Structure formats: structure tokens, C-alpha cells
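A.B. asks: Have a look at the structure that comes next, please.
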Amino acid sequence: MEVIDDGHVWIEALSSRNLTTHAYDEQFTEKFVQDIQQVYFPLFKSLYEKLLEEY
1346 MEVIDDGHVW IEALSSRNLT THAYDEQFTE KFVQDIQQVY FPLFKSLYEK
1396 LLEEY
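According to this note's numbering, the sequence shown holds residues 1346 to 1400 in order.
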């Protein structure tokens, strides 16, 4: 069984997080918040539900 699906998206999330420590651009920040809401949160939710189901 694979615990992590869409590994490339997880790497993308990590890269985005690393960029935020040096980001002072409002446009970047707005895009990052949008990605959190639309991409990363559902990814974490899916992992959480999978872990609850399997373990």
C-alpha cells in the first residue's frame, strides 16, 4: 500500500513553503494561500483520511 499519493505535489508544497520564508511579494503570498486552500489542504486531508482508515 502506498501511503503518499501525488509525490510531486508534496515536493511542490515543500518547495513553496521554503520560498515563503523569503517572500515579501503580495502576489506570491496570495498565490500561496490559494494553493494551500485548493491543493495542499485537500492533499493533507486525503492523507489523514487514508491513515485513519488503514491504521
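Note that the Cβ used here is the ideal one computed from N, Cα and C, for glycine as well.
Because the structure is a prediction, the values reported are computed rather than measured.
Give the DSSP-derived three-state secondary structure of T1374 in the structure shown.
C.D. replies: Residue state, collapsed to three classes: helix.
A.B. asks: Should K1395 and V1348 be called a contact, given that it needs their Cβ atoms to be closer than 8 Å?
C.D. replies: Yes; because the gap between Cβ atoms is below 8 Å, this pair is in contact.
A.B. asks: Skipping 5 residues on each side, what residues in its chain have a beta carbon closer than 7 Å to that of V1354?
C.D. replies: Closer than 7 Å at Cβ, skipping near neighbours: V1384, L1388.
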